[in-house]
Amino acid sequence: MSPPVVPGLVASDGQAAFQLQNSIIPSGTISTLLSPAFDTHSLAGTARVYLKFDLAYALRSAGSADELRISFSNDCGRTWRQRYQKAGSTLSTNGTQTLPNFTPTTATQWRTDSVLLINQFLNQPAVMVKFEGTSRPAGNNLYLDNLRVNGQPLGLTADLAAAGITVAPNPLTTETTLHLTLNHPTRVSIHISDLLGRSVLTDAEQTLPAGAHELLLGQSLGQPRAGVYVLTVTLDGQPYTQKLLVR
Numbered sequence: 067m068s069p070p071v072v073p074g075l076v077a078s079d080g081q082a083a084f085q086l087q088n089s090i091i092p093s094g095t096i097s098t099l100l101s102p103a104f105d106t107h108s109l110a111g112t113a114r115v116y117l118k119f120d121l122a123y124a125l126r127s128a129g130s131a132d133e134l135r136i137s138f139s140n141d142c143g144r145t146w147r148q149r150y151q152k153a154g155s156t157l158s159t160n161g162t163q164t165l166p167n168f169t170p171t172t173a174t175q176w177r178t179d180s181v182l183l184i185n186q187f188l189n190q191p192a193v194m195v196k197f198e199g200t201s202r203p204a205g206n207n208l209y210l211d212n213l214r215v216n217g218q219p220l221g222l223t224a225d226l227a228a229a230g231i232t233v234a235p236n237p238l239t240t241e242t243t244l245h246l247t248l249n250h251p252t253r254v255s256i257h258i259s260d261l262l263g264r265s266v267l268t269d270a271e272q273t274l275p276a277g278a279h280e281l282l283l284g285q286s287l288g289q290p291r292a293g294v295y296v297l298t299v300t301l302d303g304q305p306y307t308q309k310l311l312v313r
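Sequential numbering of the sequence shown, starting at 67, is according to the working numbering.
Quick look at the structure:
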């Protein structure tokens, strides 16, 4: 995986890991990570097929209850079947130890979890995996790394909420603004496309300093046709997406 670099981070596999910033995301926010569709026909003869992933999480306080759920779909995301759910101390890879603004700094702060793919998702041409992280009061950062299905790497895309990014108002007006808070200097680029993938707006990559930033989208975008567009914000090489409505 290639998300933004977190200072001091010791990833479980390589140099980077995906971070859900529950420490700054409003309580109740659901951050969704989706895998690309993958074919499971070649796995059907295997006795057991597992999704495996590494995670790191610590309680911010004794009452921390951030949640992670994992679901699968074989109909292009129209329906999902949940196969994994952990929260709070069950999710923690550091026991009951409280570590505010958590960043894993040793390999021992990581754990490998696995989810069995049931028969419903075998011999299928297009299976998708959805990770949903829900922030709760006293939320703390959650990290994911080394996602794989029977040893094969699994990619992810993330929505803006996963990085603590908000866009408002949405639907688009001349006042629509992108709000983001950066923990360290970060390379940022913005791209907007229609649902056919045609580019509507591309901003050149720039490096922004740590801190809060507001980027005005409405005036830059002008008056595109009514419809649904895809906003992609890329932070240090990791894309985050959200639908943008135009009326």
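From the three backbone atoms N, C-alpha and C, an ideal C-beta is built for every residue, glycine too.
### Message
Let's see if you can read the secondary structure: which residues bound the alpha helix (DSSP H) around Thr-156?
### Response
Looking up residue 156 in the sequence shown gives position 90. Where Thr-156 is concerned, the enclosing alpha helix (DSSP H) stretches over 154–157.
### Task
Look at the Cβ atom of Asn-88, then the Cβ atom of Asn-207, and state whether they are nearer than 8 Å.
For the purposes of this step, residue 88 is taken as the residue at position 22 of the sequence shown. For the purposes of this step, residue 207 is taken as the residue at position 141 of the sequence shown. Cβ atoms of Asn-88 and Asn-207: closer than 8 Å.
### Query
Which runs of the beta strand (DSSP E) fall wholly inside the segment 96–132 and span at least 3 residues, in chain order?
96–100 and 116–123
### Task
Go ahead and label Leu-86 buried or exposed: buried means 16 or more other beta carbons lie within 10 angstroms of its beta carbon, across all protein chains shown.
Working through the sequence shown from its first residue, we reach residue 86 at position 20. Buried, since its Cβ has 16 or more Cβ neighbours within 10 Å.
### Query
Which residue's Cα is closest to the Cα of Ala-204: Thr-232, Phe-168 and Asp-179?
Looking up residue 204 in the sequence shown gives position 138. Of Thr-232, Phe-168 and Asp-179, the residue nearest in Cα terms is Phe-168.
### Task
Output the residue ranges of the beta strand (DSSP E) runs that lie fully inside the segment 153–204 and measure 3 residues or longer, sorted by chain position.
177–182 and 194–200
### Task
Return the CA-CA distance between Asp-269 and Ala-229, expressed in angstroms with no decimal places.
Residue mapping note: residue 269 aligns to position 203 of the sequence shown, counting from 1. Residue mapping note: residue 229 aligns to position 163 of the sequence shown, counting from 1. Looking at the two C-alpha atoms, the distance is approximately 19 Å.
### Message
For Asn-216, tell me which candidate among Ser-97, Ala-77, Ile-91 and Gly-111 has the shortest Cα-Cα distance.
### Response
To locate residue 216, count along the sequence shown from 1; it is residue 150. It is Gly-111.
### Task
Let me know if Val-195 comes out buried or exposed under the rule of 16 or more other beta-carbons within 10 Å of its beta-carbon.
The residue given as residue 195 occupies position 129 in the sequence shown. Val-195 comes out buried.
### Query
Does DSSP classify Ala-83 as helix, strand or coil?
Locating residue 83 in the sequence shown gives position 17, where the first residue counts as 1. In this structure, Ala-83 counts as coil in the three-state DSSP scheme.
### Contacting residues, own chain, Cβ-Cβ under 7 Å from Ala-113 (five flanking each side not counted)
The residue given as residue 113 occupies position 47 in the sequence shown. Taken in chain order, the list of residues that qualify is empty.
### Task
Give the single residue among Thr-298, Gln-218 and Asn-189 whose Cα lies nearest to the Cα of Ser-139.
On the sequence shown, position 73 is the one that residue 139 refers to. Of the candidates Thr-298, Gln-218 and Asn-189, the one whose C-alpha sits nearest the C-alpha of Ser-139 is Asn-189.
### Task
For Pro-70, name the three-state secondary structure that DSSP assigns.
Numbered from its first residue, the sequence shown carries residue 70 at position 4. Residue placement at Pro-70 cannot be trusted, given a pLDDT of 47 that sits under 50; what the coordinates show is reported in the next sentence. Coil, per DSSP.
### Task
With a cut-off of 8 Å on the beta carbons, I'd call Arg-202 and Ala-278 a contact; round off their distance for me.
Along the sequence shown, one-based indexing puts residue 202 at 136. Along the sequence shown, one-based indexing puts residue 278 at 212. The pair is not a contact, with the Cβ atoms about 23 Å apart (cut-off 8 Å).
### Status (buried if at least 16 other CB within 10 Å, exposed otherwise) for Thr-95
The count along the sequence shown starts at 1 and reaches residue 95 at position 29. It is buried - the Cβ of Thr-95 has at least 16 other Cβ atoms within 10 Å.
#### Entry: Through-space distance from Ser-97 to Thr-239, alpha-carbon basis
On the sequence shown, position 173 is the one that residue 239 refers to. On the sequence shown, position 31 is the one that residue 97 refers to. Using only the alpha carbons, I get a separation of about 25 Å.
### Query
At which residues does the beta strand (DSSP E) containing Leu-287 begin and terminate?
Looking up residue 287 in the sequence shown gives position 221. Per DSSP, Leu-287 belongs to no beta strand (DSSP E); it is in the alpha helix (DSSP H), 284–287.
### Query
Should Leu-310 and Leu-297 be called a contact, given that it needs their Cβ atoms to be closer than 8 Å?
Stepping through the sequence shown from its first residue, residue 310 is reached at position 244. Stepping through the sequence shown from its first residue, residue 297 is reached at position 231. Against a cut-off of 8 Å, the Cβ pair of Leu-297 and Leu-310 comes out as a contact.
### Task
Throw me the rounded Cβ distance for the Val-294 and Ile-231 pair, which I believe falls under 8 Å.
Your numbering for residue 294 matches position 228 in the sequence shown. Your numbering for residue 231 matches position 165 in the sequence shown. That pair is no contact at about 19 Å.
### According to DSSP, residues forming a beta bridge with Glu-280
By one-based count along the sequence shown, residue 280 stands at place 214. Partner(s): His-245.
### Query
Does DSSP classify Ala-77 as helix, strand or coil?
On the sequence shown, position 11 is the one that residue 77 refers to. Ala-77: coil per DSSP, three-state reduction.
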